[in-house]
Structures are given as structure tokens and as C-alpha cells.
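First up is the structure itself, then whatever we jot down about it.
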Amino acid sequence: MYNPFDQSKLADVAEARAEDIDRAVDAAARAFPAWRRTSASERGRLLLALAQAIEANAARLAELETRDTGHPIRDTTNLDAPRTALGFRYFGGMADKIEGTVIPVDPGFLNYVEREPLGVVGQIVPWNFPLMFTSWKLGPALAAGNTVVLKPAELTPLTSLAVAELVRDVGFPPGVVNIVPGYGATAGQRLAEHDGVAKLSFTGSTATARKLVAASAGNLKKLQLELGGKGPNIVFDDADLDAAVGGTAFGLFHNQGQACIAGTRILLHTSIADRFLDAFLSLAKSIRLGDPMDPKTEMGPLTSRIHQERVLGYCEIARREGGEFLIGGKVPGDPALARGCFVEPTIVRAAAHHTVCRDEVFGPFATVMTFSNEDEAIRIANDTRYGLGAGLWTRDLSRGHRVARAIHSGMVWVNCYKRVHPASPFGGVGESGYGREMGFEVMREYTHAKSTWINVDAKIPPFYRR
Ligand code: NAD
23 MYNPFDQSKL ADVAEARAED IDRAVDAAAR AFPAWRRTSA SERGRLLLAL AQAIEANAAR
83 LAELETRDTG HPIRDTTNLD APRTALGFRY FGGMADKIEG TVIPVDPGFL NYVEREPLGV
143 VGQIVPWNFP LMFTSWKLGP ALAAGNTVVL KPAELTPLTS LAVAELVRDV GFPPGVVNIV
203 PGYGATAGQR LAEHDGVAKL SFTGSTATAR KLVAASAGNL KKLQLELGGK GPNIVFDDAD
263 LDAAVGGTAF GLFHNQGQAC IAGTRILLHT SIADRFLDAF LSLAKSIRLG DPMDPKTEMG
323 PLTSRIHQER VLGYCEIARR EGGEFLIGGK VPGDPALARG CFVEPTIVRA AAHHTVCRDE
383 VFGPFATVMT FSNEDEAIRI ANDTRYGLGA GLWTRDLSRG HRVARAIHSG MVWVNCYKRV
443 HPASPFGGVG ESGYGREMGF EVMREYTHAK STWINVDAKI PPFYRR
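Quick note on numbering: this note's numbering labels position 149 of the sequence shown as 171, and the sequence is numbered without any gaps.
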């Protein structure tokens, strides 16, 4: 593992191969019967203990995340580590609140539905928020009584492995949680194909998701797919421009833009476009790039050299297709940053058919377009095969609701951007995937409905009287 800021070596990590995945799935399968019978409150207690352990180790985890991913330490300290604890705490509280229902069926029968765990759950996560994803993925799966095999991304396994140590330390029984670092094409593929895995929860690219759909066909395992996005961020003419400028910058540049929910298509009403851009571009130019371990740094390097080249490749495509670069589009000139995988904050005025308005770039990169009325804004916003997050800025309450409803996406933020909470469903439509993380909603993903019928006093008509 290498630090994306200075390429220094961080660690050697053992590589799980297909046979290691088999061993992990076996361990999880053996642990499942006892874990599902463990009282819900005990499962919750362990998750709450894990939340506490994350908090007690927050500084260490934040530093490790920063060194492994390049996220600025101010973000891993203020967002990633606390949100990870919040997630485990939420699902710790959830464990004993997964209630069933009684269904009013025919007279004389009692019909009740329990939510049963699925068994061994496979989870594959990407490199953009590896620490936080441990709580998004492990939290609900374990609360519901499943056992888990989680494969972190090959680029960033360190905080997942640190969480695995805490899982052991707080007393989860052996085999309940298995964290296996390895490559996608080998370990990931094996997990996706494995007949002993009842469900696969995946966060990553749409291209990989297609492979997982095919790989999962063998045993028809249940899939939950959390994929890319191309979030529209619409600023209407009546918006509070100061709030819109700040919120747009957070929605785009946080985590160097490496977020599936990033607001990467900025749509501006023509009457405020110049004023918005004056303020927004001057803010973007002032963002402090630097050593992610420096608390003053606001933007660190991208997480890998390959990804930096991919983002710069999109800058090239934008140039070729006639995009107008308002800022950025290159690596920063500062020699102190030369070894890091940096890309300057980049804003390009582009047309709807340009590649950079259609593909997910996954960097500190956004396109700008203008619109002259609400219908046109909605049409541009929905002109994408993705549908994950979207934002809009307006002081008109009715318009806020109306446009939110008209946007084809799993999440919409009005006068804010990129709000996420473990209690609120997270996920997309279209090529952004299906299924939901978080909230009560995710508990459906990690359970199935078992319907039981009891004949209490029903006289069943004799169908076969002779
Ligand atoms: P990816 O899909 O290549 O990798 C994500 C995870 O899938 C990793 O753990 C990887 O090892 C695993 N994987 C890869 N191939 C696999 C296979 N054949 N079978 C099983 N597992 C496999 O995505 P990435 O390289 O992390 O990022 C590339 C793109 O994915 C980004 O540019 C972005 O578009 C998207 N992405 C989306 C999110 C999100 O949160 N929705 C997060 C990260 C990346």
C-alpha cells in the first residue's frame, strides 16, 4: 500500500485469493446458526460496543484513512470517523427493533410475518470511503442476524482491517465478520459467484456491477447495487447565492470529488449564472491543496495514480470536444505537490452531448450549463442514465417540492447538498443501481419476509370430500 500524497510505502497486505474467500464463506456459514439465534439485544450491544471502540480509536482511524486514501485529515477527523461510529450506533439500536407484522387475512387464521436473516452476506466496497463503508455495510447486515464476508478495495484496505481488529476486540464471535482484502477479478469475483453466499451488497462502478449480475446468476443470490452518479445541482434565479456557492463547493469538492453523490453537473439559471460563477470560481481557486495530514489542507490528492490519470484523461476529452475550461484541468504547479496524485479543481463549460456531461469523472471536476426556465432545468437534470443524488437551490417552497418530485433520482437535497444520515435511505435509480442502504429500508435488503399461517378456528371447506 502506498500513500497517494508522497508514494511512501504504508504496508504490505496479504492478498486473499479464491480459496481464502472459500474459507471465509465457510467460517461465516458455520457462525451463522448461532449468530442468528443470538438475542437481538446482544447483537445490538456488540454493535454499540463497536461504535464506542471506533470513537475511542477515532484519531488513529482518521490518520490511517488519510494516509491510505489522501482524504484531508480535517475531513477524516470531522466526518469519516464520527460518521462510522454513528452508523454502527444506529444499527446497534436497530437490532432489537426489526419487528414483524400480523396480516388481517381470512377469518379463523392467524398470519404473521417475521423478518429472517438471509445467511452469509458478501459485501464488496470501493476505495472512496473505506472506513465509513464498514458501518454502512456491516451495521445492517449484522443487526439483522447475518454473518458477513467483506472485501475492501485493493487500493485502500487499511481502515477496514483496523475495524476488523476492533470487531474482534469487542467480542463478536469468530466467523461472524470476515474481512478479506484482495483484488476484484479474483477474490471479488469468487465472492460474487459463491453458492454459499445468499446476498451480495456492492458499492462501485456500473461496469463491475454488470459482471456481478452475471456472476450471481448461479445461485440467484440477492443483489444490492450502489453505483455511480452524475448529480445535477440546479441553482434557480431566486436562490440564496452565498449558500448555493458554499453548498455547491462542498457537494462537488469534498473528498476530491470522489463521491458517487457528488454534484458534478452545475445547472445555472441564465440570470444569475455570471454572479454565481464569479463567487464560485473564486472560492474554488482558493481551496487549499496540500499534504492531507496538514489540518489546514482542504483538498488532498486523488486516491491513486491510475485514477489521477483517468481524471486528467477526461480533461483531455473535454478539451477535444470543445469544452471551455473556466479553471483547472491540470495538475497543480506547486513543486511540493509534485509526487502526489493531485488534480486542480476543474470547472468546464460544456454542452449536454459532451462526454464529460454524461460519464462519471469521479474527481474535482464539474461541468456548467445554463437554463432559462424550470422545465428546461428538469429536462437537463434528467438527461442522464444515472439517478443517485441531485440538488436544487431556491427560496420558492413550492418549486422546491415540485422540482424535487420531477427529478429522476434516489435522493434530492433542497438548499443543501450531499446530506447523508444512517436513518435516511441512500441509493439510486437507473444505472445508479438498486436497493437501498440505511434506515429501516436497508433492513429489508438484509432479511426476507417469512409468512406463517396458523389455523386458529377456521373451518376449511372440504375440497376433496368423497
Ligand atoms: P470498481 O467497481 O472497479 O471496484 C469496486 C470494488 O469492486 C473493489 O473492491 C474491486 O476490487 C471490486 N471488483 C472489481 N472487479 C470485480 C469483479 N469482477 N468481481 C467482483 N468484484 C470486483 O470501482 P473502482 O475502481 O473502485 O472505481 C471506479 C469507478 O467506480 C469510479 O470512477 C466510479 O465511477 C465508481 N465508484 C462508485 C462509487 C460509489 O460509491 N457508488 C464508489 C467508488 C467508485
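Even for Gly, the Cβ is constructed at its ideal location relative to N, Cα and C. Treat the numbers as computed from the prediction; the structure is a model and nothing was measured.
Any non-hydrogen atom of the ligand NAD within 8 Å of residue i CB
i, result
"E453", "no"
"E37", "no"
"K173", "yes"
"H276", "no"
"N150", "yes"
"V147", "yes"
"L249", "yes"
"A214", "yes"
"K233", "yes"
"L245", "no"
"C337", "no"
"G206", "yes"
"T230", "yes"
"T98", "no"
"F272", "no"
"Q330", "no"
"S227", "yes"
"L334", "no"
"C282", "yes"
Contacting residues, own chain, Cβ-Cβ under 7 Å from residue i (five flanking each side not counted)
i, result
"T181", "L83, L86, E87, D90, P152 and L153"
"S157", "T106, G109 and F110"
"G385", "Q278, G279, Q280, L324, V333 and V365"
"K472", "V135, E136 and E138"
Residues near residue i by beta carbon distance below 6 Å, same chain, minus five either side
i, result
"K244", "K221"
"G461", "A445, S446 and P447"
"L234", "A214 and F224"
"I125", "N133"
"A117", "A62, R65, G66 and A165"
"A71", "V192"
"L274", "A284, G285 and A388"
Environment of residue i [buried if 16+ CB atoms lie within 10 Å]
i, result
"P203", "buried"
"F485", "exposed"
"T123", "exposed"
"K481", "exposed"
"T474", "exposed"
"H443", "exposed"
"G419", "The sequence shown places Leu at residue 419, not Gly. Counting Cβ neighbours within 10 Å, L419 comes out exposed, since fewer than 16 surround it."
"K159", "buried"
"A271", "buried"
"A73", "buried"
"P174", "buried"
"V127", "exposed"
"C438", "exposed"
"G210", "buried"
"R287", "buried"
"R458", "buried"
Contacts around residue i, its chain only, beta-carbon distance under 8 Å, and the 5 residues preceding and following it disregarded
i, result
"T319", "P94, I95, R96, R310, L311, G312 and D313"
"M465", "M116, I120, R137, P162, A165 and A166"
9 Å Cβ cutoff, residue i in contact with chain B
i, result
"T225", "Among the chains in the structure shown there is no chain B, since it carries only a single protein chain."
* Asked: Taking only runs of the beta strand (DSSP E) that begin and end inside the stretch 98-162, which ones reach a length of at least 3 residues, in chain order?
  -> 123-125, 131-139 and 142-146
* To do: Write down every uninterrupted run of the alpha helix (DSSP H) in the stretch 26-106 whose length is 4 residues or greater and which is fully enclosed by it, in chain order.
  => Qualifying alpha helix (DSSP H) stretches, in chain order: 40-59, 62-78 and 80-91.
* Minimum length 4: unbroken alpha helix (DSSP H) runs contained in the stretch 294-322 -> 295-307
* **4 or more residues per run - each alpha helix (DSSP H) lying fully within the stretch 324-385** => 327-342
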